[in-house]
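Structure record follows, encoded as structure tokens.
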Amino acid sequence: MNYKVDENGFYGKFGGAYIPEMLYPNVEELRQNYLKIMQEPDFQEELQALLKDYVGRPTPLYFAKRLSKKYNTNIYLKREDLNHTGAHKINNTVGQVLMAKRLGKKRIIAETGAGQHGVATATVCALMGLECIVYMGEVDIQRQAPNVARMKMLGAMVVPATSGSKTLKDATNEAIRDWINNPEDTYYIIGSVVGPHPYPDMVARFQSVISEEIKAQLKEKTGNENPDYVVACVGGGSNAAGAFYHYLDTPEVKLIAVEAAGLGIDSGESAATSVLGREGIIHGSRTLLMQTEDGQVTEPYSISAGLDYPGVGPLHAHLHQSGRAIFESITDDEALQAVLELTRLEGIIPALESAHALAALGKIGAKPNETIVVNLSGRGDKDLTTYLDRFELHGK
Amino acid sequence: MENRIKTLFNQKSQELLSVYFTAGYPNLEDTVPIILELEKNGVDLIEIGMPFSDPLADGPTIQQSSTIALRNGMTMPKLFEQLKHIRKYTQIPLVLMGYLNPVMQYGVERFCQEASEIGIDGIILPDLPLSDYVRDYKSLFEQHNLNKIFLISPQTTEQRIREIDSHTNGFIYMVSSASVTGSTNGNAMANTDYFQRVAGMQLQNPGIIGFGIHNRETFTQACNYASGAIIGSAFIKALVQEGSLQHNIQTFIQSIKQEA
Ligand SMILES: Cc1ncc(COP(=O)(O)O)c(C=O)c1O
Numbered sequence: 001m002n003y004k005v006d007e008n009g010f011y012g013k014f015g016g017a018y019i020p021e022m023l024y025p026n027v028e029e030l031r032q033n034y035l036k037i038m039q040e041p042d043f044q045e046e047l048q049a050l051l052k053d054y055v056g057r058p059t060p061l062y063f064a065k066r067l068s069k070k071y072n073t074n075i076y077l078k079r080e081d082l083n084h085t086g087a088h089k090i091n092n093t094v095g096q097v098l099m100a101k102r103l104g105k106k107r108i109i110a111e112t113g114a115g116q117h118g119v120a121t122a123t124v125c126a127l128m129g130l131e132c133i134v135y136m137g138e139v140d141i142q143r144q145a146p147n148v149a150r151m152k153m154l155g156a157m158v159v160p161a162t163s164g165s166k167t168l169k170d171a172t173n174e175a176i177r178d179w180i181n182n183p184e185d186t187y188y189i190i191g192s193v194v195g196p197h198p199y200p201d202m203v204a205r206f207q208s209v210i211s212e213e214i215k216a217q218l219k220e221k222t223g224n225e226n227p228d229y230v231v232a233c234v235g236g237g238s239n240a241a242g243a244f245y246h247y248l249d250t251p252e253v254k255l256i257a258v259e260a261a262g263l264g265i266d267s268g269e270s271a272a273t274s275v276l277g278r279e280g281i282i283h284g285s286r287t288l289l290m291q292t293e294d295g296q297v298t299e300p301y302s303i304s305a306g307l308d309y310p311g312v313g314p315l316h317a318h319l320h321q322s323g324r325a326i327f328e329s330i331t332d333d334e335a336l337q338a339v340l341e342l343t344r345l346e347g348i349i350p351a352l353e354s355a356h357a358l359a360a361l362g363k364i365g366a367k368p369n370e371t372i373v374v375n376l377s378g379r380g381d382k383d384l385t386t387y388l389d390r391f392e393l394h395g396k
Numbered sequence: 001m002e003n004r005i006k007t008l009f010n011q012k013s014q015e016l017l018s019v020y021f022t023a024g025y026p027n028l029e030d031t032v033p034i035i036l037e038l039e040k041n042g043v044d045l046i047e048i049g050m051p052f053s054d055p056l057a058d059g060p061t062i063q064q065s066s067t068i069a070l071r072n073g074m075t076m077p078k079l080f081e082q083l084k085h086i087r088k089y090t091q092i093p094l095v096l097m098g099y100l101n102p103v104m105q106y107g108v109e110r111f112c113q114e115a116s117e118i119g120i121d122g123i124i125l126p127d128l129p130l131s132d133y134v135r136d137y138k139s140l141f142e143q144h145n146l147n148k149i150f151l152i153s154p155q156t157t158e159q160r161i162r163e164i165d166s167h168t169n170g171f172i173y174m175v176s177s178a179s180v181t182g183s184t185n186g187n188a189m190a191n192t193d194y195f196q197r198v199a200g201m202q203l204q205n206p207g208i209i210g211f212g213i214h215n216r217e218t219f220t221q222a223c224n225y226a227s228g229a230i231i232g233s234a235f236i237k238a239l240v241q242e243g244s245l246q247h248n249i250q251t252f253i254q255s256i257k258q259e260a
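If you read the protein sequences in the order shown, they are chains S and Y. Using full-length UniProt numbering, you'd call the opening residue of the first sequence number 1 and step up by one each time. Using full-length UniProt numbering, you'd call the opening residue of the second sequence number 1 and step up by one each time.
Next up, the structure:
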């Protein structure tokens, strides 16, 4: 089975570029150039230098001793939370902003859910002196206020998306409309492995540094570069794509993709696309999609803004359908429990998104001699208000 | 039977007025009355919008009309039911316009079959890629006598326009400027280089200009460069003015067709 994108932009039957003609010139320009540019020595040199000295890579692979003891297995945390700006998102934005510069673009747009991608985009735009506009759902602007403040500090314009569920899907719609309206000078930095080809492949490549490092670090620590399990949360699926990438063709490494069940799979308030979705088209890609019988996109729900999306990237649809990855879903409450658990056992406050991956630890049933790598995609600073509310810690 | 779009262009090649509206808006059962009223007022061609929850190429007006239409209960089966006997009442060319996902879920084959039975003449699906159409669906559309109409924009290269032209029958939908539907900031008709360039290409299909055409002035300008123009958002706004549907349609269409 092949898990890499084919020459037409498909992973199995998923992917492609289902876009209106107005976007065709821009997407085509990117498709024709992205691999060539990514392979240029001076591009790689600039990217690697930024990843090392600016982002702070490699991020540690940390053996979580007390957590391991609790689950009676061996758990390593890939510390993407220690990246500059606090999540894996910057691996991608550093890469894409360099791509935008090579293509001569002056104006950067992005969508964001949790605000981590928005902050990571605003950050690299400040670094490069580029104009930055970030679309964010009105609901997410409320629940991820610290990240809105950070984007503003960085000089980005944050534009509320007020249609639909006022979350990530709607912010993405607005960003795409902006791109249609500004086809000449604008580059769209998509924040996950979603959207029309070549975005899913390009973003996966920029995030693949995660599994590249895991391999080397695990080898150094255990003598074996292959864990038994790699676990990551999936909103659109970029941190999971990065953590899985170099293990895709190593079937003995089990890949666990964790989606948000929200209030529960059958509650009507969920974002577990692999369970609730069917093949469809969203944001230019053929993939699994939560939709009505009539093909209208369903409004998803999760406490976690970064997982509150009715689709998954086409790679993940393919991994699901082929059985290469195992999909789990975690409710709001289970994720919150996992937040508290990691915080109190290891002194690390995770992001709500990452907590979904941690909560899956209890469902995997790993043996005492097995090794699990959990991709800790981000830190919980942005979620502190939610945490204080839900754990009733105000005024204590 | 000859396709009605073809018949239309054989009879008339200038100042064609085409109107887009969203099926099921403002009220669920308005679809057929709107079609008949448009014909009565001398409109040449009608695009019936199939509402979608996430219309990527549309501005706020069509987004909102789509949301309301869906809330009113519009679905693909409902629309086909409403249109079932439309050919008893009118021979105006009818085009269905919408996004790929609802059509895909309905089944492209079933969709073409039923559209053709009703007497639909053309289909516009902006997010169906040309390459997929040619590979998977072209023969199906042709078999059902459905014209597949493609969009071009000011950024579309000459080579691609020619490729699109070679796979199109009916007309080419020329998006007026780089924008989603309904934008009236800036003049939709400012990009005269583009209109002249396309006009000079001697394409096999006629062109109709759409997006941002909203009054007699922009309509007339568009007709200087193409066979006609499409009005969408401005018409949808007019529908919900004070007064009856009939009155609003009549007032709006007359304002486009006649000098003030
Ligand atoms: C910390 C963190 N993890 C995960 C995600 C989900 O995105 P993806 O599935 O693309 O990794 C987000 C998105 O905002 C995030 O901020």
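Just so it is clear, CB atoms sit at the ideal spot from N, CA and C, and this is done for glycine as well.
So, are the CB atoms of residue i and residue j less than 8 Å apart?
i, j, result
"proline 55 of chain Y", "tyrosine 89 of chain Y", "no"
"leucine 376 of chain S", "glutamate 80 of chain S", "yes"
"threonine 121 of chain S", "valine 134 of chain S", "yes"
"valine 27 of chain S", "proline 200 of chain S", "no"
"alanine 199 of chain Y", "asparagine 182 of chain S", "no"
"threonine 167 of chain S", "glutamate 111 of chain S", "no"
"isoleucine 152 of chain Y", "glutamate 21 of chain S", "yes"
"valine 97 of chain S", "isoleucine 214 of chain S", "no"
"leucine 288 of chain S", "threonine 273 of chain S", "yes"
"leucine 140 of chain Y", "glutamate 109 of chain Y", "yes"
"tyrosine 301 of chain S", "glutamate 346 of chain S", "no"
"histidine 318 of chain S", "tyrosine 11 of chain S", "yes"
"lysine 152 of chain S", "valine 158 of chain S", "yes"
"serine 238 of chain S", "glycine 191 of chain S", "yes"
"alanine 351 of chain S", "glycine 380 of chain S", "yes"
"methionine 97 of chain Y", "glycine 24 of chain Y", "no"
"leucine 315 of chain S", "valine 193 of chain S", "yes"
"serine 116 of chain Y", "asparagine 147 of chain Y", "no"
Measuring alpha carbon to alpha carbon, tell me which of the options ends up nearest residue i.
i, options, result
"valine 253 of chain S", "S:Arg379, S:Arg57, S:Gly262, S:Asn224", "S:Asn224"
"glycine 306 of chain S", "S:Val158, S:Glu259, S:Leu345, S:Glu346", "S:Glu259"
"phenylalanine 150 of chain Y", "Y:His144, Y:Gln143, Y:Ser166, Y:Asp136", "Y:Ser166"
"aspartate 266 of chain S", "S:Gly277, S:Ala257, S:Ile256", "S:Gly277"
"leucine 125 of chain Y", "S:Gly362, S:Gly284, S:Thr298", "S:Gly284"
"valine 230 of chain S", "S:His84, S:Gly95, S:Phe10, S:Glu328", "S:Glu328"
"aspartate 132 of chain Y", "S:Asn369, S:Gly9, S:Ala261", "S:Gly9"
"lysine 257 of chain Y", "Y:Gly59, Y:Gly243, Y:Gln221", "Y:Gln221"
"glutamine 63 of chain Y", "S:Ile282, S:Thr331, S:Thr162", "S:Thr162"
"valine 95 of chain Y", "Y:Cys223, Y:Gln14, Y:Asn169, Y:Gln250", "Y:Asn169"
"tyrosine 137 of chain Y", "Y:Ser18, Y:Arg160, Y:Gln113", "Y:Gln113"
"glycine 236 of chain S", "S:Lys89, S:Gln291, S:Val339, S:Lys152", "S:Lys89"
"lysine 36 of chain S", "S:Tyr54, S:Leu50, S:Leu103, S:Asn2", "S:Leu103"
"threonine 331 of chain S", "S:Lys363, S:Ser322, S:Arg344", "S:Lys363"
"leucine 218 of chain S", "S:Tyr247, S:Asp383, S:Ile180", "S:Tyr247"
"glutamine 105 of chain Y", "Y:Gln14, Y:Pro77, Y:Ile123, Y:Gln246", "Y:Pro77"
"isoleucine 253 of chain Y", "Y:Pro206, Y:Thr157, Y:Glu39, Y:Asn101", "Y:Glu39"
"leucine 77 of chain S", "S:Ala204, S:Ala357, S:Asn91", "S:Ala357"
"glutamine 159 of chain Y", "S:Glu46, S:Lys4, S:Pro25", "S:Pro25"
Among all the DSSP beta bridges, which residues are the ones paired with residue i?
i, result
"phenylalanine 63 of chain S", "S:Tyr76"
"methionine 174 of chain Y", "Y:Ile152, Y:Ile209"
"residue 440 of chain S", "The first residue shown for chain S is 1 and the last is 396, placing residue 440 of chain S beyond what the model contains."
"leucine 94 of chain Y", "Y:Ile46"
"serine 18 of chain Y", "Y:Leu45, Y:Ile230"
"arginine 286 of chain S", "S:Gly15, S:Ile281"
"isoleucine 141 of chain S", "For isoleucine 141 of chain S, which the question treats as bridged, DSSP gives no partner whatsoever."
Taking C-beta pairs closer than 8 Å, name the residues in chain Y that residue i reaches, listed in chain order.
i, result
"asparagine 181 of chain S", "Ala178, Ser179, Val180, Ser183"
"arginine 31 of chain S", "Here the premise fails: no neighbours, minimum Cβ distance about 12 Å."
"glutamine 291 of chain S", "Asn101, Gln105"
Taking residue i as the query, report the chain S residues whose CB atoms sit under 7 Å from its CB, ordered along the chain.
i, result
"glutamine 63 of chain Y", "Ser163"
"phenylalanine 111 of chain Y", "The contacting residues do not exist; phenylalanine 111 of chain Y stays about 11 Å from chain S at best."
Note down, in chain order, every chain Y residue with its Cβ under 9 Å from the Cβ of residue i.
i, result
"proline 25 of chain S", "Ser153, Gln155, Thr156, Thr157, Arg160"
Closer than 8 Å by beta-carbon distance: list the chain S residues that pair up with residue i, in chain order.
i, result
"valine 175 of chain Y", "Glu21, Met22"
"serine 53 of chain Y", "Gly164, Gln296, Val297"
"proline 33 of chain Y", "Ordered by position in chain S, no residue passes the 8 Å Cβ test against proline 33 of chain Y, which lies about 23 Å from the chain."
"leucine 70 of chain Y", "Gln296"
Under 9 Å Cβ-Cβ, which residues of chain S neighbour residue i?
i, result
"leucine 79 of chain Y", "By Cβ distance, chain S contributes nothing, its closest Cβ being about 10 Å from leucine 79 of chain Y, past 9 Å."
Below 7 Å on C-beta distance, what does residue i contact in chain Y?
i, result
"asparagine 173 of chain S", "Asp54, Leu56"
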